[in-house]
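Undergrad:
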Amino acid sequence: QCYEPGREIGEDSEDAWIRCSEDYECASKCIKMIASRFRLKCYGKSDCETIARIHDGGANGCRTGLTLKYWENVKKYCNNC
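Now the structure itself:
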């Protein structure tokens, strides 16, 4: 899981997840790790699109049309995508 590298001794998974989600550096590392893991399923897509569609649809987010609406919304707010 994303938060495991920063999980503290004796800390349960839910507390570790909450702590990581509230820490920009930890959360960013988590998103990058997930995107890297599933990048091959998003062949030909930009980094922005890969991250957005995996965030919305999970491991197969780039392979389903169900994430296209979310991706279109992300592009509206991200000038660099």
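In our numbering, the protein residues as written are 45 to 125.
Yeah, the Cβ is synthetic: ideal placement off N, Cα and C, and Gly gets one too.
1. Can you check which of these residues, Arg-97, Glu-116, Lys-113 and Tyr-114, is closest to Arg-107 by C-alpha distance?
2. Closest to Asn-104 by CA distance: which of Arg-83, Glu-69 and Glu-58 is it?
3. Considering only the beta carbon of each residue, do Ile-95 and Ala-79 sit closer than 8 Å?
4. CA-CA distance, Cys-86 and Asp-67?
5. Can you give me the C-alpha to C-alpha distance between Tyr-114 and Cys-74, rounded to a whole angstrom?
TA: From the atom records:
1. If you number the sequence shown from 1, residue 107 lands on position 63. Answer by Cα proximity: Arg-97.
2. In the sequence shown, the residue the question calls residue 104 occupies position 60. Per the Cα distances, Arg-83.
3. For this step, residue 95 is matched to residue 51 along the sequence shown. For this step, residue 79 is matched to residue 35 along the sequence shown. Against a cut-off of 8 Å, the Cβ pair of Ala-79 and Ile-95 comes out as a contact.
4. Reading the sequence shown from its first residue, position 42 is the one you call residue 86. Reading the sequence shown from its first residue, position 23 is the one you call residue 67. Cys-86 and Asp-67: Cα-Cα distance of roughly 27 Å.
5. As a working note, residue 114 is residue 70 in the sequence shown. As a working note, residue 74 is residue 30 in the sequence shown. C-alpha separation (whole angstroms): 20 Å.
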